[in-house]
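Following the working numbering, the numbering of the sequence shown begins with 2 at its first residue and continues without gaps. For glycine and all other residues, C-beta sits at the position ideal for the given N, C-alpha and C. As the structure is a prediction and not an experimental result, all values here were calculated from the model.
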Amino acid sequence: MNRLFALHGRQSSLVIEQAASGLVWRHWGARLPDAIAAGPGLESGRPVPTFSLDVPVPFTLVPTFGLGWYGQSALLAHRAGRDFAQGLADCSALQQGQRLSCRLHDAVAGIAILVEILLDPATDVAQITTSVANIGDGVIDLQWLAAATLPLPAQPLAVRHFTGRHTNEFAEQTDTLGHGIWLRENRHGITSHGHVPGAVVLGPGCSDSAGPAWGAQLAWSGNHRQLIERLDDGRSQWQLGGWLAPGEVRLAPGERHDSPAVLACFSPDGLGGVARNFHGAVRQRAGARPGPRPVLINSWEGFYFDHDPVRMMALADAAAAIGVERFVLDDGWFAGRDDDRTSLGDWFVDARKYPAGLKPLADHVRGLGMEFGLWVEPEMVSPDSDLFRAHPDWALQLAGRPLATARNQLVLDLTRADVTDHLFARLSALVADLGVAYLKWDHNRDLAPAGDAAGRPAYGRQVAACWALMDRLRAAFPGLEIESCAGGGGRIDAGMAVRAQRFWASDCIDARLRIGLQRGFLQFLPPEMMGAHIGAERCHTSGRRFSLPFQALVAMQGHLGLEFDLTRLDAGERARLAGWIAFYKDHRHLLHGGAVWTGTAGDGVAWHAAGGDDDWLLIVYRTDMMLQRHAAPLLLPFIGDGDWQVAEVRPGETRAATRFSGDWLRSAGLPLPPGQPDTATAWRLQRG
Ligand code: DGJ
């Protein structure tokens with residue numbers, strides 16, 4: 002029998018066999034006993050199918066093209082047209098606890114590969130990275146390197162994935178997987194609004210809360226590619242990696258290319274189980290957890306470019322009076338920025354709008370007990386800016402090609418050290434001089450074309466340089482928080498989650514749209530990182546109108562903010578808003594940092610529960626007109642055994658509790674009141 006390497010989590014196991022033909026995938030799925038009895042090796046005694054190589058090539062950790070593997074290759078590379086075929090049977094694996102380091106070697110093609118797999122037993126999430134090194138003579142052109150190639154079982158499978166666009170991100174899709182290839186590619190240069198770099202594969206009977214589900218996401222803020230392909234034995238392979246432009250990675254002898262990390266997990270608890278596993282892993286990777294997520298006010302939809310220190314101070318006064326804890330000054334504060342046609346790059350305060358600078362406003366905000374936050378878009382430059390006039394060569398461009406603007410702006414070439422040094426100096430000065438606690442870091446366009454000074458594609462290096470700039474800034478200002486925004490949700494991924502503490506999930510605050518959009522976000526990243534705002538009664542992007550309670554209970558799913566001109570509210574409206582802010586503060590220990598369960602229940606009902614063990618907040622939304630004359634009871638699969646006190650909660654009011662058994666709530670359900678579309682109700686459920 003060949004050697005088996007097994008990594009076990011709480012609910013999952015991952016098994017690789019070291020065979021003569023290489024490191025062969027045997028299992029990724031349900032938890033197996035610690036001592037695995039797997040019989041003989043996969044290939045021993047296996048008959049060779051007709052019309053096959055006499056020694057067929059099995060499904061390995063890094064299946065490669067050219068020597069008899071006919072599926073998608075995990076590596077596509079060549080050396081001036083030669084060494085196009087790679088065989089990685091020469092390999093070894095070293096297991097140290099939960100880490101498996103696999104070295105694969107092809108002396109003929111001059112390629113060495115290292116695959117590192119680290120399975121965290123607490124979350125069941127495996128972090129997988131792959132590096133390829135040129136150990137031969139001559140340059141290697143790398144066309145594709147899968148960061149991970151994962152096995153999926155021979156069962157009927159479907160894939161849940163997400164599409165979208167600016168103002169409508171995380172639109173849920175489900176495709177049945179059959180023969181052939183399911184493929185998603187993103188070439189926008191940033192994570193993108195429409196191509197979420199991950200998916201969940203659903204096994205038979207998989208639902209929101211039960212059944213086998215396999216999840217994977219790429220921790221990368223740039224171009225990416227993922228594919229699922231049915232193999233000859235009925236299993237499928239799932240590859241994820243950075244998408245590379247032609248010529249983007251060329252390795253000189255001795256050089257190495259490292260893939261981004263893939264986070265992958267199996268859960269027997271359906272889509273929700275995968276989401277909760279990912280939340281745990283992303284929290285861990287982010288390191289030190291920030292404290293309670295402060296309620297913020299953002300100036301954008303209330304004021305756009307129309308800045309006036311007196312009105313901003315009045316906004317701060319109104320915000321502080323109702324319990325807001327962070328004030329974020331959005332776009333429009335810097336020299337000459339009256340609309341989106343100019344001034345990006347000139348990160349100096351506009352003396353026309355703020356004759357005394359921003360310090361008085363920042364001090365005023367702090368004097369009210371709030372943190373001061375500032376919007377920036379560091380990677381951008383407007384052609385009409387002092388920065389571009391001084392350094393026209395600092396923009397990403399291709400000689401002989403037109404400068405392609407988007408929202409009237411160009412992208413700075415962050416692969417240049419003089420550019421990132423300049424940005425670091427400017428941002429540091431702003432943070433230090435104004436006492437900025439929070440940067441909303443925006444990125445309002447895709448990358449096209451991303452050519453560096455040498456005419457080479459700079460896509461991946463641009464991402465790495467942006468991450469490095471953020472890391473450098475956070476190292477210089479350890480308390481500084483960053484919100485990642487790219488026209489809303491254009492740069493939301495687990496790689497950015499290591500440096501950003503919040504994501505602006507979408508430029509669309511429409512509460513009805515947000516229910517599905519936020520559910521998509523929560524499939525991959527935890528609720529405390531999801532920026533969710535209460536906006537004006539009439540949503541600016543959709544034109545639809547929503548009540549305050551509905552907006553508040555939708556925004557409550559994430560990190561709560563406000564984004565409209567509060568100074569226009571009358572005393573009653575302010576009091577009602579203050580009530581919802583107090584409600585959020587009373588429940589944020591349940592809403593953030595714990596477990597999240599979500600689901601839909603038919604007849605226009607969607608629900609969100611957050612908390613854990615003995616204490617939950619449940620929010621039930623109605624998104625449609627009821628078709629039934631009576632509401633069906635809602636089954637609560639997250640509820641544990643024992644007795645539960647269930648009370649409807651509203652700002653400043655907890656209704657009389659009703660006692661239910663856990664069995665009853667799971668199996669017969671919580672009776673729901675009837676309701677109109679675009680309304681929501683919240684319950685507190687406490688064991689005892
Ligand atoms: C796009 C962002 O998503 C908005 O919230 C706002 O910050 C604007 N950019 C400012 O230009």
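Cβ-heavy atom distance, residue i to the ligand DGJ, below 7 Å
i, result
"Asn445", "yes"
"Trp244", "no"
"Cys540", "no"
"Trp376", "yes"
"Gly643", "no"
"Gly488", "yes"
"Trp29", "no"
"Trp581", "no"
"Asp341", "yes"
"Trp698", "The question about residue 698 has no answer, for the chain in this structure spans 2 to 689."
"Asp332", "yes"
"Trp301", "yes"
"Asp307", "no"
"Asp508", "yes"
Contact check, residue i vs residue j, beta carbons under 8 Å
i, j, result
"His444", "Ile191", "yes"
"Phe306", "Asp347", "no"
"Arg367", "Gly480", "no"
"Ser193", "Met497", "no"
"Leu567", "Ala321", "no"
"Leu178", "Ala159", "yes"
"Cys486", "Trp442", "yes"
"Ala172", "Gly137", "no"
"Arg446", "Gln410", "yes"
"Asp644", "Ser662", "yes"
"Arg277", "Ala596", "yes"
"Glu380", "Leu415", "yes"
"Ala211", "Asp270", "yes"
"Leu578", "Leu618", "no"
"Pro652", "Phe584", "yes"
"Val412", "Ala391", "no"
"Pro674", "Pro634", "no"
Environment of residue i [buried if 16+ CB atoms lie within 10 Å]
i, result
"Arg185", "buried"
"Met557", "buried"
"His609", "buried"
"Ala75", "buried"
"Val126", "buried"
"Glu654", "exposed"
"Glu538", "exposed"
"Leu54", "exposed"
"Asp121", "buried"
"Thr599", "buried"
"Tyr622", "buried"
"Gly521", "buried"
Backbone secondary structure at residue i - three-state DSSP
i, result
"Trp26", "strand"
"Ala553", "helix"
"Thr131", "strand"
"Tyr460", "helix"
"Tyr622", "strand"
"Val283", "helix"
"Ser13", "strand"
"Pro152", "strand"
"Phe584", "helix"
"Cys266", "strand"
"Cys486", "coil"
"Lys360", "helix"
"Met531", "strand"
"Met381", "strand"
"Leu219", "strand"
"Asn278", "helix"
"Ile516", "helix"
"Cys509", "coil"
"Val606", "strand"
"Trp301", "helix"
"His194", "coil"
"Phe328", "strand"
Any chain B beta carbon closer than 8 Å to residue i
i, result
"Pro652", "Although the question refers to chain B, the structure presented lacks it and comprises just one protein chain."
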